[in-house]
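Asker: Take a look at this one; I'll ask things after.
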């Protein structure tokens with residue numbers, strides 16, 4: 001895997017889609033498998049602009065401080081992996097303008113998706129799978145990109161749990177440049193009740209339109 005990815009990066013690719021699946025998890029668990037390590041070049045490439053990572057496998061977190069210096073579009077699907085992986089992936093993304101994140105890791109916290117490291121972010125999608133135990137911890141101060149740049153937010157598989165509502169409340173209140181927030185409910189969510197609650201939330205942007 002390292003050879004294939006490194007070869008692609010060495011050819012100065014601008015787009016890369018990487019899918020890694022685990023079809024033999026019980027066997028690997030018994031062997032105390034430590035996970036796959038992606039080549040450092042995927043994190044440091046100066047030509048890579050569009051990256052899709054479908055990581056349904058044990059992936060080792062990159063070293064601290066590694067970033068995506070030129071990536072503008074980043075789509076990530078993370079299944080149970082190294083607990084530091086999502087934090088490290090978003091530790092420093094100076095050019096990122098759009099990202100979509102799907103996490104199926106129980107107990108994942110939104111702080112792992114650090115908006116302060118994405119100064120040019122304009123749009124993001126967060127998808128919560130049905131067995132997702134989301135945790136919300138409010139930052140001490142709102143990231144500058146959320147206050148000014150972010151125009152569009154989508155939250156998918158929204159169940160209306162307390163921490164999920166607190167996240168939406170925070171994003172609406174601090175998204176002063178927000179034009180649109182779209183929320184897609186889970187099938188089991190009390191949609192009518194949640195819509196009423198969402199409509200009552202304070203909005204930092206007078207131009208923000210909501211849909212659910």
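Numbering (UniProt numbering), first residue to last: 1 to 212.
Virtual Cβ for every residue (Gly too), placed ideally from N, Cα, C.
1) Expressed to the nearest angstrom, what Euclidean distance is found between the alpha-carbon atoms of residue 159 and residue 7?
2) Closest to residue 211 by C-alpha separation, out of 201, 188, 181, would be which residue?
3) Any idea which residues DSSP pairs residue 98 with across the strands?
4) What are the start and end residues of the alpha helix (DSSP H) that includes residue 5?
5) Alpha carbons only, please: which of 62, 115, 58 is nearest the one belonging to residue 42?
6) Rounded to whole angstroms, what is the Cα-Cα separation between residue 239 and residue 50?
7) By the three-class DSSP mapping on this structure, what secondary structure does residue 110 have?
8) Using CA atoms only, rank isn't needed, just tell me which of 207, 11, 172, 176 is closest to residue 200.
9) Measuring only the C-alpha atoms, how far is residue 70 from residue 13?
10) Which residue comes first and which comes last in the alpha helix (DSSP H) that contains residue 135?
11) Roughly how far, in whole angstroms, is the beta-carbon of residue 120 from the beta-carbon of residue 97, given that I think they are within contact range, below 8 Å?
12) Closest to residue 48 by C-alpha separation, out of 95, 149, 122, would be which residue?
13) Put residue 43 into one of helix, strand or coil per three-state DSSP.
14) Would you kindly check if the distance between the Cβ of residue 74 and the Cβ of residue 59 is under 8 Å?
15) I need the straight-line Cα distance from residue 136 to residue 198, nearest angstrom please.
16) Whose C-beta lies closer than 7 Å to the C-beta of residue 115 among residues of the same chain, with five residues either side of it excluded?
17) Determine the direct distance from the alpha carbon of residue 192 to that of residue 166, and round the result to whole angstroms.
18) Put residue 18 into one of helix, strand or coil per three-state DSSP.
19) If you follow the alpha helix (DSSP H) that residue 148 is part of, which residue opens it and which one closes it?
20) Which same chain residues end up closer than 6 Å to residue 207 when comparing Cβ atoms and leaving out the 5 residues on each side of it in sequence?
21) In terms of residues, what are the limits of the alpha helix (DSSP H) holding residue 174?
22) Just the C-alpha distance for residue 9 and residue 118, rounded to the nearest angstrom, thanks.
23) Tell me which residues share the same chain as residue 170 and place their Cβ nearer than 7 Å to its Cβ, disregarding the 5 neighbours each side in the sequence.
Answerer: For this structure:
1) Along the chain shown, one-based indexing puts residue 159 at 159. Along the chain shown, one-based indexing puts residue 7 at 7. Whole-angstrom Cα-Cα distance: 42 Å.
2) The count along the chain shown starts at 1 and reaches residue 211 at position 211. Of the listed residues, the one whose Cα sits closest to residue 211 is 181.
3) In the chain shown, counting from the first residue as 1, residue 98 sits at position 98. Paired residue(s): 73, 123.
4) Indexing the chain shown from 1 puts residue 5 at position 5. Looking at the DSSP string, the run of the alpha helix (DSSP H) that includes residue 5 is 2-10.
5) To locate residue 42, count along the chain shown from 1; it is residue 42. For residue 42, the nearest C-alpha among the options comes from 62.
6) Since the displayed the chain opens at 1 and closes at 212, residue 239 lies outside it and no answer follows.
7) The count along the chain shown starts at 1 and reaches residue 110 at position 110. Helix, per DSSP.
8) On the chain shown, position 200 is the one that residue 200 refers to. That would be 172, whose Cα lies nearest to the Cα of residue 200.
9) The count along the chain shown starts at 1 and reaches residue 70 at position 70. The count along the chain shown starts at 1 and reaches residue 13 at position 13. The alpha-carbon atoms of residue 70 and residue 13 are separated by roughly 12 Å.
10) If you number the chain shown from 1, residue 135 lands on position 135. Unbroken run through residue 135: none, as it is neither H nor E.
11) Looking up residue 120 in the chain shown gives position 120. Looking up residue 97 in the chain shown gives position 97. 5 Å between Cβ atoms; contact.
12) By 1-based counting over the chain shown, the position of residue 48 is 48. For the residues 95, 149, 122, the minimum Cα distance to residue 48 belongs to 95.
13) In the chain shown, counting from the first residue as 1, residue 43 sits at position 43. Helix, per DSSP.
14) In the chain shown, residue 59 corresponds to position 59, counting from 1. In the chain shown, residue 74 corresponds to position 74, counting from 1. Not in contact: residue 59 and residue 74 (Cβ atoms no closer than 8 Å).
15) In the chain shown, counting from the first residue as 1, residue 136 sits at position 136. In the chain shown, counting from the first residue as 1, residue 198 sits at position 198. The straight-line gap from Cα to Cα measures roughly 17 Å.
16) Counted from its first residue, the chain shown places residue 115 at position 115. Excluding residues within five positions, the ones whose Cβ falls inside 7 Å are 121, 143, 145, 146.
17) Against the chain shown, residue 166 aligns to sequence position 166. Against the chain shown, residue 192 aligns to sequence position 192. Cα to Cα, the separation comes out at about 18 Å.
18) The residue given as residue 18 occupies position 18 in the chain shown. Residue state, collapsed to three classes: strand.
19) Here residue 148 refers to the residue found at position 148 when the chain shown is read from its first residue. From DSSP, the alpha helix (DSSP H) with residue 148 extends over 144-148.
20) Position 207 of the chain shown holds residue 207. Counting only Cβ-Cβ distances below 6 Å, and skipping sequence neighbours, we find 179.
21) Here residue 174 is taken as the residue at index 174 of the chain shown, counted from 1. Residues 162-174.
22) On the chain shown, position 9 is the one that residue 9 refers to. On the chain shown, position 118 is the one that residue 118 refers to. Rounded to whole angstroms, residue 9 to residue 118 spans 23 Å at the Cα level.
23) To locate residue 170, count along the chain shown from 1; it is residue 170. Excluding positions up to five away in sequence, the list reads 138.
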